[in-house]
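Each protein sequence line maps, in turn, to chains A and B. Residue 25 is where the first sequence starts when you use the numbering used here, and the numbers rise one by one after that. Residue 25 is where the second sequence starts when you use the numbering used here, and the numbers rise one by one after that. Glycine included, every Cβ here is placed at the ideal spot set by N, Cα and C.
2 protein chains.
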Amino acid sequence: MQDADTSNYPKELSWLNELRWNEDGLVPAIARDTSSGTVLMMAWMNEESLRRTVDEGCAVYWSRSRKALWRKGESSGNTQLIRSLRLDCDGDTLLLEVEQQGGIACHTGREHCFYREFIDGEWQTVEPVVKDPKEIYAQGN
Amino acid sequence: MQDADTSNYPKELSWLNELRWNEDGLVPAIARDTSSGTVLMMAWMNEESLRRTVDEGCAVYWSRSRKALWRKGESSGNTQLIRSLRLDCDGDTLLLEVEQQGGIACHTGREHCFYREFIDGEWQTVEPVVKDPKEIYAQGN
């Protein structure tokens with residue numbers, strides 16, 4: 025037996041019914057580079073950011089610290105073009121396959137955010153800085 | 025200037041200071057298949073589950089629904105052997121490279137949990153069931 029559809033979404037947005045937002049109205053969104061397969065980062069989306077991501081074809085997250093929509097790359101130019109969008113079995117995590125513009129997803133100037141590996145009982149930095157963040161964010165685009 | 029180390033961890037556990045747990049004491053942990061690069065699933069870890077993951081070499085998550093440690097594969101046999109463990113730039117997300125035993129990470133019997141793709145305005149199932157869940161969980165190992 026299925027629950028009655030109690031949402032207020034119009035038919036063209038009924039896909040939003042499949043999302044299970046957390047108590048803050050957010051879901052985690054994992055971004056993976058579509059050509060290399062590298063996991064680039066994990067950020068959060070609320071309903072509006074997901075809708076904008078779908079509409080605009082570029083990743084739009086929700087910044088929990090700034091409490092604002094966050095168009096990935098709005099400061100750096102390193103936008104993420106969406107190639108596919110997937111939802112997991114229980115509807116509470118998104119997986120984005122993206123083309124990472126500029127080859128840099130991390131604010132530290134690295135290709136991706138997971139640059140610390142647990143080796144010999146400590147977190148060791150194992151990925152190089154591709155571009156100095158001062159340079160990235162000085163561009164102002 | 026660095027903050028004084030106010031943790032109570034002994035030196036051999038000082039790596040735990042780098043984790044930024046959420047208000048429930050959890051961090052998201054993304055599991056990726058080390059050979060195919062496929063993103064298998066996202067689950068949660070608390071401090072104890074992370075320590076056990078490191079100690080045992082197999083993924084141990086925290087089940088938010090059952091409020092209990094969850095040894096991945098404890099019912100299905102589909103354990104995840106840890107090949108590497110990474111932490112992201114702000115210390116609040118883990119990335120596990122794993123060898124997925126049995127080739128099935130999802131409780132629906134699929135290789136991974138992200139089997140629904142957003143196509144033509146709806147979530148379409150694009151990954152096959154590898155093994156009937158009834159069979160997987162009847163094994164009781």
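Applying the 10 Å Cβ sphere with the 16-neighbour rule, what's the burial state of GLY49/B? So GLY49/B ends up on the exposed side.
_Strictly by DSSP, which residues pair up with ALA53/A?_
BP columns for ALA53/A point to ALA67/A, LEU118/A.
If I'm right that MET66/A touches ILE54/B with Cβ under 8 Å, what's the distance once you round it to whole angstroms?
Separation of the CB atoms of MET66/A and ILE54/B is rounded to 7 Å, and the pair is thereby assigned contact status at 8 Å.
Please state whether DSSP places ILE128/A in a helix, a strand or coil. The three-state reading of DSSP puts ILE128/A in coil, since its state is none of H, G, I, E or B.
Q. Counting contacts by CB-CB distance shorter than 7 Å, is LEU120/A in contact with chain B?
A. For LEU120/A, not one C-beta of chain B is nearer than 7 Å to its own C-beta.
task: Could you confirm whether any beta carbon from chain A is found closer than 7 Å to the beta carbon of MET66/B?
output: Among the residues facing chain A, MET66/B is included, as its CB has a counterpart in that chain under 7 Å away.
Tell me, please, whether the CB atom of CYS113/B is closer than 7 Å to any CB atom in chain A?
Chain A, which has a Cβ nearer than 7 Å to the Cβ of CYS113/B, makes this yes.
Counting only beta-carbon separations shorter than 7 Å, does GLU159/A have a partner in chain B? For GLU159/A, the answer is no, since every Cβ of chain B falls outside 7 Å of its Cβ.
ask   = Any beta-carbon of chain B closer than 7 Å to the one on THR149/A?
value = Against chain B, the CB of THR149/A has no partner CB under 7 Å away; the residue lies outside that interface.
Query raised in the report: What separation, rounded to the nearest whole angstrom, lies between the Cα atoms of ASP79/B and GLU135/B?
Result: Put simply, the backbone Cα of ASP79/B is about 26 Å away from that of GLU135/B.
Legend entry - Chain-ordered neighbours of VAL63/A on chain B, where CB pairs are closer than 8 Å: In chain order, ILE54, ARG56, VAL63, LEU119 make up the part of chain B whose C-beta sits under 8 Å from the C-beta of VAL63/A.
**Prompt:** Which residues mark the beginning and the end of the beta strand (DSSP E) in which GLU159/B is found?
**Reply:** Here GLU159/B belongs to no beta strand (DSSP E); instead the alpha helix (DSSP H) covers 157-162.
Practice prompt. Starting from TRP39/B, find everything on chain A with Cβ-Cβ shorter than 8 Å and list it in chain order.
Written response: Neighbours of TRP39/B in chain A, taken as residues whose beta carbon is under 8 Å from its own, are PHE142, GLY145, GLU146, TRP147 in chain order.
Next on the checklist: Please return the same chain residues whose Cβ sits closer than 7 Å to the Cβ of GLY127/A, not counting the five positions on each side in sequence.
Outcome noted: Excluding positions up to five away in sequence, the list reads GLU135, VAL154.
Open item on the list: If you follow the beta strand (DSSP E) that SER87/A is in, where does it begin and where does it stop?
Closed with: That run of the beta strand (DSSP E) goes 84-87.
Any beta carbon of chain B sitting closer than 7 Å to that of THR77/A? No, its Cβ sits nowhere closer than 7 Å to a Cβ of chain B.
Review point. For GLN124/B, is the classification buried or exposed, using 16 other Cβ atoms within 10 angstroms of its Cβ as the cut-off for buried?
Key: Around the beta carbon of GLN124/B, 16 or more other beta carbons lie within 10 angstroms, which makes this residue buried.
- prompt: the segment 84-102 of chain B: which residues have C-beta closer than 9 Å to a C-beta of chain A, in chain order?
  reply: From the segment 84-102 of chain B, no residue has a Cβ closer than 9 Å to chain A.
Taking SER89/B as the reference, which of ILE106/B, ARG107/B, GLN104/B, MET69/B has the closest Cα? Looking at the Cα atoms, MET69/B is the closest of the given residues.
(Q) Quick check: what's the CA-CA separation for GLY61/A versus ILE106/A? (A) Near 14 Å, if we compare the C-alpha coordinates of ILE106/A and GLY61/A.
Alpha carbon to alpha carbon, how far is CYS137/B from ASP112/A? Give it in angstroms, no decimals.
In this structure, the straight-line span from the alpha carbon of ASP112/A to that of CYS137/B is close to 5 Å.
Chain-ordered neighbours of GLU123/A on chain B, where CB pairs are closer than 9 Å = None at all; the shortest Cβ gap to chain B is about 16 Å.
* Per-residue DSSP class, three states only, for GLU141/B -> In the three-state reduction of the DSSP assignment, GLU141/B falls in the strand class.
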